[in-house]
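Asker: Below is the structure I would like to discuss, written out as structure tokens.
There are 2 protein chains.
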Amino acid sequence: MNIGEASKASKVSAKMIRYYEQIGLIPPADRTESGYRTYTQADIHRLHFIRRARDLGFSVAEITNLLGLWNDKSRQSADVKRLAQQHIAELDRRIESMLQMTETLKALIHCCAGDERPDCPILQTLEQPDTSEDEPEERTGAVPRRSHGTRTAKRSR
Amino acid sequence: MNIGEASKASKVSAKMIRYYEQIGLIPPADRTESGYRTYTQADIHRLHFIRRARDLGFSVAEITNLLGLWNDKSRQSADVKRLAQQHIAELDRRIESMLQMTETLKALIHCCAGDERPDCPILQTLEQPDTSEDEPEERTGAVPRRSHGTRTAKRSR
DNA sequence: CTTGACCTTCCCACGATGGTAAACCCTAAG
DNA sequence: CTTAGGGTTTACCATCGTGGGAAGGTCAAG
């Protein structure tokens with residue numbers, strides 16, 4: 001099978017198939033004499049596995065582990081379960097973070113007249129300094145991006 | 001104010017301040033004779049506004065619009081509201097997509113013994129061909145990770 | 001043999017952020 | 001005045017998964 005057919009069959013784009021090979025997620029495909037990659041049914045199967053794992057939000061790194069367990073006939077289901085649980089925990093963290101955002105925004109929107117007047121509680125809130133710091137303590141984590149603080153500087157001056 | 005002090009005051013890293021300037025989100029800062037960027041209180045204020053909008057998940061592109069409205073004294077609050085609603089809709093889409101993932105995963109985990117035996121419904125499900133497609137329709141959304149990337153693959157099957 | 005649909009590799013882009021390095025600037029202490 | 005240490009500047013690289021495109025080779029049908 002050519003990469004195009006493999007792509008259709010596995011629902012993984014040709015671009016991604018090459019990428020997965022490049023980063024070592026899948027072994028290098030066999031080549032025809034002229035350099036075309038060829039794929040077997042087993043290869044398609046693996047690609048489809050990857051595709052489904054991606055659809056469940058697993059990162060490529062996580063899929064590396066999943067593939068390892070998949071191929072390991074003596075695996076322990078506890079290992080798979082642990083991977084899945086960790087992933088769920090990560091998803092839950094992100095969901096929670098985004099829910100927090102939407103809740104805040106929905107509360108603000110609720111207070112916004114949404115008419116021709118310029119007054120808007122949304123802008124006012126963004127404008128204001130740090131009010132409503134319910135947690136004075138530095139809460140580590142729970143926020144998706146901006147993992148590292150800006151703190152490199154010392155307060156020497 | 002130096003960029004370091006501006007960073008502390010606005011809670012935006014110096015790196016990001018330069019980046020925002022580079023991409024035109026904020027105007028070029030004034031410079032001292034020796035080339036140091038200097039910031040006024042108004043600049044800090046704007047940076048803080050940006051920071052707060054980022055914390056609510058607005059993209060830089062969206063913040064560009066928010067800043068425009070912020071500066072437009074004759075704005076209509078309806079415009080702000082619309083921006084916020086669109087953003088909420090996007091957040092809701094991603095939340096929904098991730099909830100779908102966790103629901104699926106939690107159901108699978110529930111069925112996984114998690115012991116020393118190799119049998120695992122999670123792997124089996126990933127392995128299997130397309131079953132349980134409750135929606136035969138092309139689900140274009142399904143934006144997994146923190147993606148902005150149009151995961152709308154062609155899928156010319 | 002030509003044409004068009006494939007395939008190959010290589011490079012670029014996205015978004016927002018951090019890291020590093022080399023060079024320069026500033027200030028306070030000696 | 002000199003020096004040390006920290007702040008600043010630019011420039012480039014990396015992330016992560018994906019797509020786009022160019023330049024050129026291959027293949028199969030007409």
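So the protein sequences, as listed, match chains A and B. Throughout the first sequence, residue numbering follows the UniProt record's numbering, covering 1 to 157 in sequence. Throughout the second sequence, residue numbering follows the UniProt record's numbering, covering 1 to 157 in sequence. For glycine and all other residues, C-beta sits at the position ideal for the given N, C-alpha and C.
Can you list the alpha helix (DSSP H) stretches of 4 or more residues lying completely in the UniProt domain "HTH merR-type" (1-69) of chain A, in chain order?
Answerer: Fully enclosed alpha helix (DSSP H) runs of 4 or longer: 3-10, 14-22, 41-55.
Asker: Count the other CB atoms, across all protein chains shown, that sit within 10 Å of the CB of B:H87; report buried if there are 16 or more and exposed otherwise.
Answerer: Residue burial is scored here from C-beta neighbours: B:H87 has at least 16 other C-beta atoms within 10 angstroms and is therefore classed as buried.
Asker: Count the C-beta pairs between the region 93-109 of chain A and the region 55-68 of chain B that are closer than 8 Å, then say yes if the count reaches three, no if not.
Answerer: yes
Asker: Can the beta-carbon of A:R51 be found closer than 8 Å to that of A:V80?
Answerer: no
Asker: Return the residue from the list A:G24, A:T40, A:I23, A:L25 that minimises the CA-CA distance to A:R31.
Answerer: A:T40
Asker: Would you mind reading off the limits of the alpha helix (DSSP H) that contains A:A78?
Answerer: For A:A78, the uninterrupted alpha helix (DSSP H) segment begins and ends at 77-111.
Asker: In the DSSP assignment, find the alpha helix (DSSP H) that holds B:E127 and state where it starts and stops.
Answerer: 121-127
Asker: Which whole-angstrom value is the C-beta distance of A:A84 and B:L105, which I expect to be below 8 Å?
Answerer: 5 Å
Asker: Starting from the Cα of B:Q76, find the closest Cα among A:G24, A:A29, A:C120 and give me that residue.
Answerer: It is A:C120.
Asker: Could one say the Cβ of A:L69 lies closer than 8 Å to chain B's Cβ atoms, at least one of them?
Answerer: Yes, A:L69 lies at the interface with chain B (some Cβ there is under 8 Å from its Cβ).
Asker: Judging by CA-CA distance, which residue of B:M1, B:Q128, B:A89 is the nearest neighbour of B:R37?
Answerer: B:M1
Asker: Can you list, in chain order, the residues of its chain with a C-beta nearer than 7 Å to that of residue 161 of chain A? Leave out the 5 residues immediately preceding and following it.
Answerer: Nothing can be reported for residue 161 of chain A: it is not among the residues displayed for chain A, which extend from 1 to 157.
Asker: What residues of chain B sit near A:W53, judged by a beta carbon separation below 8 Å?
Answerer: One point to set straight first is that residue 53 of chain A is Ala, not Trp, in the sequence displayed. Here the neighbours are L126.
Asker: Taking Cβ positions only, does B:H110 come closer than 8 Å to chain A?
Answerer: no
Asker: Note down, in chain order, every chain B residue with its Cβ under 9 Å from the Cβ of A:S74.
Answerer: P118
Asker: Of all the CB atoms in chain B, is at least one closer than 8 Å to the CB of A:Q22?
Answerer: no
Asker: State the CB to CB distance for the pair A:A47 and A:A6, rounded to an integer number of angstroms; the pair is presumed to be in contact (CB under 8 Å).
Answerer: The question names Ala, but residue 47 of chain A in the sequence shown is Leu. Contact flag correct, Cβ pair sits at about 7 Å.
Asker: Quick one: is the Cβ of B:Y39 within less than 7 Å of any heavy atom of the ligand COA?
Answerer: In the structure shown, the ligand COA is absent, as is every other ligand, since no ligand is present at all.
Asker: Are residue 245 of chain A and B:A78 touching if we call contact CB-CB under 8 Å?
Answerer: Given a span of 1 to 157 for chain A in the structure shown, any question on residue 245 of chain A remains unanswerable.
Asker: Measuring CB to CB, does B:E21 end up less than 8 Å from B:A9?
Answerer: no
Asker: Could you compute how far the alpha carbon of B:I17 sits from the alpha carbon of B:N71?
Answerer: 19 Å
Asker: Does any residue of chain A bring its CB to less than 8 Å from the CB of B:S34?
Answerer: no
Asker: Does any residue of chain A bring its CB to less than 8 Å from the CB of B:S77?
Answerer: yes
Asker: Closer than 7 Å by beta-carbon distance: list the chain B residues that pair up with residue 158 of chain A, in chain order.
Answerer: Because chain A spans 1 through 157 in this model, residue 158 of chain A falls outside it and cannot be assessed.
Asker: Label A:R94 either buried or exposed according to how many other C-beta atoms from any shown protein chain fall within 10 Å of its C-beta, with 16 as the threshold for buried.
Answerer: buried
Asker: Note down the Cα distance separating B:C112 from A:L69, rounded to an integer number of angstroms.
Answerer: 14 Å
Asker: Is there at least one Cβ from chain B nearer than 8 Å to A:I17's Cβ?
Answerer: no
Asker: Just to confirm my understanding: we take B:E133, look at its own chain, exclude 5 residues before and 5 after, and list those with CB closer than 8 Å. What are they?
Answerer: Unreliable positioning characterises B:E133 in this predicted model, as indicated by a pLDDT of 46, which lies under 50. A coordinate reading is not provided.
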